[in-house]
Amino acid sequence: MTWTAEAVATRARNLRSPKFGVIAEVRKLIQGVEGVVDMGYGEPNFNTPEHIREAAKRAMDEGHTHYVLPTEGLEPLRQAISRKLQVENGIVVDPATQILVTAGVQEAINVALLALVNPGDEVIMPDPYYYVDPLGVMLAGGTPVYTHLREENDFRLDVDDVKSKITAKTKAIIYMPNCPPVLFRARTYRPLPASCAPSGAYSSSPTRFTRNSSTMAPSTATSATSPAAGTSVPYSSSRAPP
Numbered sequence: 000m001t002w003t004a005e006a007v008a009t010r011a012r013n014l015r016s017p018k019f020g021v022i023a024e025v026r027k028l029i030q031g032v033e034g035v036v037d038m039g040y041g042e043p044n045f046n047t048p049e050h051i052r053e054a055a056k057r058a059m060d061e062g063h064t065h066y067v068l069p070t071e072g073l074e075p076l077r078q079a080i081s082r083k084l085q086v087e088n089g090i091v092v093d094p095a096t097q098i099l100v101t102a103g104v105q106e107a108i109n110v111a112l113l114a115l116v117n118p119g120d121e122v123i124m125p126d127p128y129y130y131v132d133p134l135g136v137m138l139a140g141g142t143p144v145y146t147h148l149r150e151e152n153d154f155r156l157d158v159d160d161v162k163s164k165i166t167a168k169t170k171a172i173i174y175m176p177n178c179p180p181v182l183f184r185a186r187t188y189r190p191l192p193a194s195c196a197p198s199g200a201y202s203s204s205p206t207r208f209t210r211n212s213s214t215m216a217p218s219t220a221t222s223a224t225s226p227a228a229g230t231s232v233p234y235s236s237s238r239a240p241p
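Read in numbering that gives the first Met the number 0, the sequence shown has 214 at position 215, and its numbers run on one by one without any break.
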């Protein structure tokens, strides 16, 4: 069978990230240029720490190589994530009902978007952004709407600009540390959930990296807040560094 563009689902053919071509061109330009550091990859510049590698080997030797039940993630792992969120982030969640472990950050974000976004909905997100994030919105049938992070504002989120973009079609606002990293302060975050209330939109804050005392490991703790219900539904995902 010969594969053609027509054989691919329409929703997949329509996926285009405006930033992907730019990133590819920049990487070509910097190849072999001394002193240039590519910070586009979402991974640390060191190998996975030895104690993590040894724990993974030990788990395989002990037979932990089968499907995970329950499917929301191993209970000890979800309990550990819950403790981490409470101790390091001041977020209290029930590991049995409010934490979902996924195979990487992007799955967690896409699951949240597929659960929330209907065709025709709009999702507001910062620009610059991780180039895959708009694709998750498009895959769910939504339309990304960008709020620009400007140098004169130290690349901080402009809450007034976000408010100006909220319409009756707004279903969610995603605000996150990006690649490249941008600076968000707690006082910048706080007004956003209240800004969502008139439209009933959700606010979501995915975090790809968290830091503890010894290392940095890719992870995400995504909180989707419904102002109408006054509740917060966290989605959490953790993975070992590649």
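For each residue, glycine too, the CB sits at the ideal point set by N, CA and C.
Quick caveat: nothing in here was measured; it's all calculated off a predicted structure.
Query	Result
Would you mind stating whether V136 and L112 have Cβ atoms separated by less than 7 Å?	yes
Judging by CA-CA distance, which residue of A102, A79, V100 is the nearest neighbour of V91?	A79
Within 10 Å of its beta-carbon, does N109 have 16 or more other beta-carbons around it, so buried, or fewer, so exposed?	buried
Please report how far the alpha carbon of A114 lies from the alpha carbon of E121, in whole angstroms.	14 Å
Look at the alpha carbon of R155 and the alpha carbon of R149, and state the distance between them as a whole number of angstroms.	7 Å
Just curious, the alpha helix (DSSP H) that E74 is in, first and last residue?	74-88
Could you check which residue in I165, G141, Y174 has the C-alpha nearest to that of L14?	G141
Since V100 and L76 are thought to touch, with beta carbons under 8 Å apart, how far apart are those beta carbons, to the nearest angstrom?	6 Å
Compute the Euclidean distance between the alpha carbons of K27 and A55, then round it to the nearest angstrom.	35 Å
Shortest alpha-carbon distance to R10 belongs to which of K168, D157, L134?	L134
E5 by DSSP, collapsed to three states: which one?	helix
Please say whether D160 and T169 have beta carbons closer to each other than 7 Å?	no
For E121, does the three-state DSSP call read helix, strand or coil?	strand
Near S72, what residues of its chain come up, given a Cβ to Cβ distance below 6 Å and the 5 sequence neighbours on each side ignored?	One detail in the question is off: residue 72 reads as Gly in this sequence, not Ser. Closer than 6 Å at Cβ, skipping near neighbours: V100.
Nearest to V104 by alpha carbon, out of L68, E87, V131?	V131
Could you give the residue range of the beta strand (DSSP E) that holds K56?	Counting along the chain, K56 falls outside any beta strand (DSSP E), though it belongs to the alpha helix (DSSP H) covering 49-60.
Please report the residue range of the alpha helix (DSSP H) in which P43 lies.	Taken as a continuous stretch (DSSP letters only), P43 belongs to no alpha helix (DSSP H), as it is neither H nor E.
What does the alpha-carbon distance come out to for the pair A6 and V86?	49 Å
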